[in-house]
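In terms of my numbering, the sequence shown opens at residue 78 and continues consecutively.
For every residue, glycine included, the Cβ atom is placed at its ideal position computed from N, Cα and C.
This one's a predicted model, so the numbers in the text were calculated from it and none came from an experiment.
Data first, discussion second: the structure below is written as structure tokens.
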Amino acid sequence: MVNYKFKFRPYQRKFARSLTTSHGNWDIRKGIILRLSDETGKVGWGEIAPISWFGSETLEQALDFCHQLPTELTEEIIFSIPDELPACQFGFESALGEAGEQHFDFAQWAGSREQGKKITNAPCPMPNSGLLSAGEVALAQWQVLWEQGYRTFKWKIGVDAIAQELKVFKSLVHRLPSSAKLRLDANGGLSYEEANLWLETCDRLWANIEFIEQPLPVEKFPQMLELNRCYATAIALDESVATLKQLTTCYAKGWRGIFVIKPGIVGSPSRLRQFCQQHKIDAVFSSVFETAIGRQAALQLATALSQKNRAVGFGVNHFFAQEETWLQDLCKDL
78 MVNYKFKFRP
88 YQRKFARSLT
98 TSHGNWDIRK
108 GIILRLSDET
118 GKVGWGEIAP
128 ISWFGSETLE
138 QALDFCHQLP
148 TELTEEIIFS
158 IPDELPACQF
168 GFESALGEAG
178 EQHFDFAQWA
188 GSREQGKKIT
198 NAPCPMPNSG
208 LLSAGEVALA
218 QWQVLWEQGY
228 RTFKWKIGVD
238 AIAQELKVFK
248 SLVHRLPSSA
258 KLRLDANGGL
268 SYEEANLWLE
278 TCDRLWANIE
288 FIEQPLPVEK
298 FPQMLELNRC
308 YATAIALDES
318 VATLKQLTTC
328 YAKGWRGIFV
338 IKPGIVGSPS
348 RLRQFCQQHK
358 IDAVFSSVFE
368 TAIGRQAALQ
378 LATALSQKNR
388 AVGFGVNHFF
398 AQEETWLQDL
408 CKDL
């Protein structure tokens, strides 16, 4: 049995401007960096990046869990992390995989930046979706991301009055090139009537709407099943499938549409692999605003499990006020 020395350190990373969704404003991304090392000197890095309002544990619960662990861990301990701590499951299993297989290459990472069309430091380059801010900011923001190579965009809706958002939406789709794809993300913030209006508008206005993401709250699953059958514009589940338990439940209840999977909070990577490979679901893999450490682990899963070659949703670095050079300094102290 291999014992791994365990160290961790919390971090804080400020957004350049508040990230606004139907859940409210988000100003600071907080998380935990993990380090596992074995007796041969192999080191594995992992990241715990919870989003409690999305369905994961809180940062405080994750920190409490880390504090109560011994300074040496076994695989048995790591694979027995309870399902109530899905971000911890992802972080520890990712670190364990790195310690046994592939070391996070700081030299490679430090000399590269995430690009729009291709993601650097990924096991296999994949098309990437760029996140647009809610409101009229998106009307200029997409052009900057287009010049960086992005061809798929995701825009937050369900934030302002629907009449205002539809007005901005019509301007946006008229400005986007015909080769672009657009995803609309409501974060569960629409009413049933508003969701119908959005879907009707999308069906009528532009063929390049890839999907509307989580139009209704989690408890409105039957209505989303119905809407997904009634319109040409697809619906993708997001908050409804935030954790592996929710993912398997929605599948069992008949969802065969698109699943947006956030590896950083979904739970056990090994169990996610098993589920996706067994059921061959149509999955889009998306960021939780993690650092390069969590992003690399998430992209490894996306590369292995993507069935439809959909753009991954990791084009979010432009939302942060600082580069990730601080991350290397933090890890040197572990």
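Query, Result
"contact_flag[the segment 109 to 124, the segment 249 to 264] where n(CB pairs < 8 Å) is 3 or more", "no"
"Span separating the alpha-carbon of Ser-383 from that of Thr-97", "28 Å"
"Residue span of the alpha helix (DSSP H) that contains Trp-219, given as start and end", "215 to 224"
"Where Glu-290 falls, given that 16 or more other Cβ within 10 Å makes a residue buried", "buried"
"Cβ-based burial, Trp-283 [other Cβ within 10 Å; buried from 16]", "buried"
"Where Gly-123 falls: helix, strand or coil (DSSP)", "strand"
"Stretch-stretch touch, CB-based, cutoff 8 Å, three pairs: the segment 159 to 169 with the segment 307 to 324", "yes"
"Residues near Asn-102 in its chain [Cβ-Cβ closer than 8 Å; skip 5 each side]", "Ser-95 and Leu-96"
"Span separating the alpha-carbon of Ser-268 from that of Asn-205", "29 Å"
"Burial state of Trp-122 (16 or more Cβ within 10 Å)", "buried"
"Beta strand (DSSP E) segment containing Leu-111, residue limits", "101 to 114"
"Rounded separation between Ile-234 and Asp-262 - CA only", "6 Å"
"Trp-332 versus Ala-313: straight-line alpha-carbon distance, rounded", "10 Å"
"Local Cβ density within 10 Å of Ala-369, reported as buried at 16 or more and exposed below that", "buried"
"Three-state class that DSSP yields for Asp-315 in the structure shown", "coil"
"Short Cβ contact (8 Å threshold) for Pro-340 with Leu-293", "no"
"8 Å contact criterion, which Lys-91 and Ala-329 should meet: CB distance rounded", "Rounded, the Cβ-Cβ distance is 40 Å, inconsistent with contact."
"Exposed unless 16 or more other CB atoms sit within 10 angstroms - verdict on Leu-173", "buried"
"C-beta contact flag for Glu-124 and Glu-367 at 8 Å", "yes"
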